[in-house]
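Protein chains in written order, with the numbering used here: chain F, 2 to 197; chain H, -13 to 462.
Each residue gets a CB set at the ideal place from its N, CA and C atoms; glycine is no exception.
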Amino acid sequence: MTPLNQVEGRAIPLGLKNVDTDVIIPAHWLKTTTREGMGRGAFESIRKDPDNLFDRAEFKGAPILIAGDNFGCGSSREHAAWALGDLGIRVVIAPSYSDIFSGNAVKNGILPVVLPQAAIDRLMEVAATDPVHVDLEHQTVTTQFQDRFTFEIDPFRKMCLIEGLDEISLTEKSDAAIGDYEKQLDAERPWMRPAA
Amino acid sequence: MTRPRTLYEKIWDAHVVEQRPDGTCLIFIDRHLVHEVTSPQAFAGLRANGRTVRRPDLTLAVPDHNVPTTARLDAAGNRLPIADPESAAQLAALEKNAPEYGIRYIDAVAPEQGIVHVVGPEQGFSLPGTTIVCGDSHTACHGGIGALAFGIGTSEVEHVLATQTLLLQPSKTMEVRVEGEVGPGVTAKDIILHITGTIGAAGGTGHVIEYTGSAIRALSVEGRLTVSNMAIEGGARAGLIAPDETTFEYLKGRPYAPKGADWDAAVAWWKSLTTDPGATYDKVVVIDAADIAPSVTWGTSPEDVVPITGVVPDPASFADPSKQVAAAKSLAYMGLEPGTRMQDVSIENIFIGSCTNSRIEDMRAAAAIVKGRKKADNVKWAIVVPGSGLVKAQAEAEGLDRIFTEAGLEWREPGCSACLAMNPDKVSAGERCASTSNRNFVGRQGPGSRTHLVSPAMAAAAAVTGKLTDVRELMA
Ligand code: SF4
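Structure follows, in structure tokens:
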């Protein structure tokens, strides 16, 4: 996973609420057995409009996306995070996310920043013409106009993003603890194993 | 004395392998359900890193999302090829990966095959008090039998395959209590649509919802699975309904359920899985069952719910300005005008199926309405898709298939079908579908498709009248 700390660049001012994963990547793009190339299907329904934000010259390859409440709601498809990543997005800024989406985002090296609606409104204004700066280390979003918004993030997620850590390797360090749990479970609730 | 705990906290506590200083826990996963769409990349990841599946015995794989719902065998009993090359590739991948990693596999033509969330409880693989995950957000469904079940993404599928655990933050808890008795024609689906309309699509975000109250207790296991299935539509990660005698009765004797002395030990533990008196939830919502009518969605968010006797709302009637914008967009997409009576909306497609409503009780409810009636002429496409091969066989033994086909509805093979536009069952652009599935998102049933979520009885009523209909008018 590519480590993420400072991200500076144009931010796509999408601003919509309840952007569900069907909008991020429609179901007919899910029939793959690999992870690459999903960006072509990202926001397909929005991009049917020739004047859509995503395909405007100034937002091509923009690393930041600004959205409204409940971003990534709907189906649990991780393809949504792959599609955003393949599109070049490293940071999403929104007032709230679906739980599943924000987990999937972090696992794929994408930072979901939570900011209140007022901050989002201001960033939408700036993003129309100017870049936005995200600093994960200091947990801030800043602009060249002295705006400075701080955000909260779970420390573990922060570490994983900054170090580009793969979660499975981390969990494998707990192998003995998992083994102990399994032994205890077999002793206390042996019927938990499927009968057949 | 120990602190009073909610049902969620009890299940959580019983599964903590390790707790990190920041409160994140490594949680043991008792059951992992795998299907063809979200698993190929996970298996590819295992292979690339030389990992194995830690507990193949706790993993069950079954194809459901992509499999066509038309005949799977020819007259000679040979498997028919799948026309779509990508679907065929995903199925082939699962067929190869499951045996390679020693995972239990129910293949596409097995009598037990079906939608993973129908198969799990039906096989007794899903049990109360277990943690269950699957790469599909409607895993919340298994909360209906008192399991802590939630959807995960493909990276997590790989993580569970490799370690049988997940790293999770504890959720907040929310109680949705439905008290009283529902009126005639009001089903589990109407209860959950009404709840979603009440709390909103983000109302449960960050929470696990426990459904309580006399109206929930009165539901069959099938009905409880329907309610918990749509916990995610209210933004929650999981739903829970405390297991009780109804649950035990349902599970007893199922293939993977405990047997003999193990069964008694299991029931004794399951009986402890209730929220203690004095335990508190972070949020509580109380609903009077008498307020719930047969319900229908008008927009493209599952919170867009009105009683069937209602009208399409005016976007200006919403207090929240962004909801006003969203509602106006929804109405443009849905081709509806504010003020239109829901019962005047004509319907061209009917889908009775999905992990929300494809169990035997759903088949019976729909059949009771179409019996002796005919599909309306303006309904072009009406399919009934049982949730599993066992549901299908049971329905056929009861003669339900003939009731449907005599009325002009198609009777199909089990699978996800028109719940999502991933297999040949799709709704055409600009057309409406009265659907018993769980999502009315833009394009969910096919590009440009317009979905109205309803109960099986309401979908059946729409099939015979050709418009959204108050099922109570067709009940004897
Ligand atoms: S029926 Fe729909 S919601 Fe249920 S598992 Fe299949 S695709 Fe997911």
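query, result
"Terminal residues of the beta strand (DSSP E) in which W367 (chain H) lies", "367 to 370"
"Contact under 9 Å by Cβ, A243 (chain H) with G110 (chain H)", "yes"
"CB contact below 9 Å: D187 (chain F) versus chain H", "no"
"Residues of the segment 228 to 246 of chain H with Cβ closer than 8 Å to any Cβ of chain F, in chain order", "P241, Y242, A243, P244, K245"
"Sequence-distant residues of the same chain with beta carbon closer than 6 Å to G88 (chain H), five excluded per side", "P42"
"Test: H139 (chain F) CB closer than 9 Å to a CB of chain H", "no"
"is_contact[A178 (chain F), chain H] using C-beta, thresh 9 Å", "yes"
"L406 (chain H) Cβ short of 8 Å to ligand 1 heavy atom set", "yes"
"Closest residue to V428 (chain H) among H:N35, H:I13, H:P288, H:S157 (Cα-Cα distance)", "H:P288"
"Chain H residues whose Cβ lies nearer than 8 Å to that of E173 (chain F)", "A148, T149"
"For Y98 (chain F) and P113 (chain F), believed in contact at Cβ under 8 Å, the rounded distance", "5 Å"
"Within 9 Å, strictly: CB atoms of V48 (chain H) and V102 (chain H)", "yes"
"Check: S340 (chain H) C-beta below 8 Å from any heavy atom of ligand 1", "yes"
"Contact belief for S421 (chain H) with A404 (chain H) at Cβ below 8 Å, rounded distance in angstroms", "7 Å"
"CB contact below 9 Å: I94 (chain F) versus chain H", "no"
"Proximity winner among H:L259, H:G192, H:V104, H:E399, relative to H128 (chain H) (alpha-carbon distances)", "H:V104"
"Reduced DSSP category for N335 (chain H) - H, G, I as helix; E, B as strand; rest coil", "strand"
"According to DSSP, residues forming a beta bridge with F14 (chain H)", "H:T151"
"Beta-carbon spacing of E144 (chain H), F14 (chain H) below 9 Å", "no"
"Given Q147 (chain F) as reference, the closest of F:P156, F:F157, F:D131, F:K159 once Cα atoms are compared", "F:D131"
"Cβ-Cβ separation, V93 (chain F) to A128 (chain F) (assumed contact under 8 Å), whole Å", "Their Cβ separation, rounded to whole angstroms, is 13 Å, which puts A128 (chain F) and V93 (chain F) out of contact at 8 Å."
"Inter-residue spacing [alpha-carbon to alpha-carbon] between R190 (chain F) and A251 (chain H)", "8 Å"
"Beta-bridge partners of Y197 (chain H), as assigned by DSSP", "H:V162"
"Cutoff 9 Å: F157 (chain F) Cβ touching any chain H Cβ", "yes"
"Distance cut-off 8 Å: H29 (chain F) Cβ against heavy atoms of ligand 1", "no"
"I338 (chain H) vs S344 (chain H) beta-carbon contact at 9 Å", "yes"
"Candidates H:I355, H:Y319, H:A94, of which the one nearest L395 (chain H) by Cα", "H:I355"
"Inter-residue CB distance, G42 (chain F) and A84 (chain F) (contact presumed, cutoff 8 Å)", "6 Å"
"Contact the segment 375 to 388 of chain H vs the segment 346 to 354 of chain H: 3+ CB pairs below 8 Å", "yes"
"Distance CB(H18 (chain H))-CB(L147 (chain H)) smaller than 9 Å", "yes"
"Three-way DSSP call (helix, strand, coil) for K82 (chain H) in this model", "helix"
"H18 (chain H) Cβ short of 8 Å to ligand 1 heavy atom set", "no"
"Contact with chain F by A94 (chain H), beta-carbon distance below 9 Å", "no"
"Unbroken stretches of the beta strand (DSSP E), 3 residues or longer, contained in the segment 271 to 333 of chain H", "281 to 283, 291 to 293"
"CA nearest to the CA of D8 (chain H), picked from H:D(-1), H:A75, H:S303, H:L153", "H:L153"
"Continuous alpha helix (DSSP H) assignments of at least 4 residues falling wholly in the segment 65 to 96 of chain F", "80 to 88"
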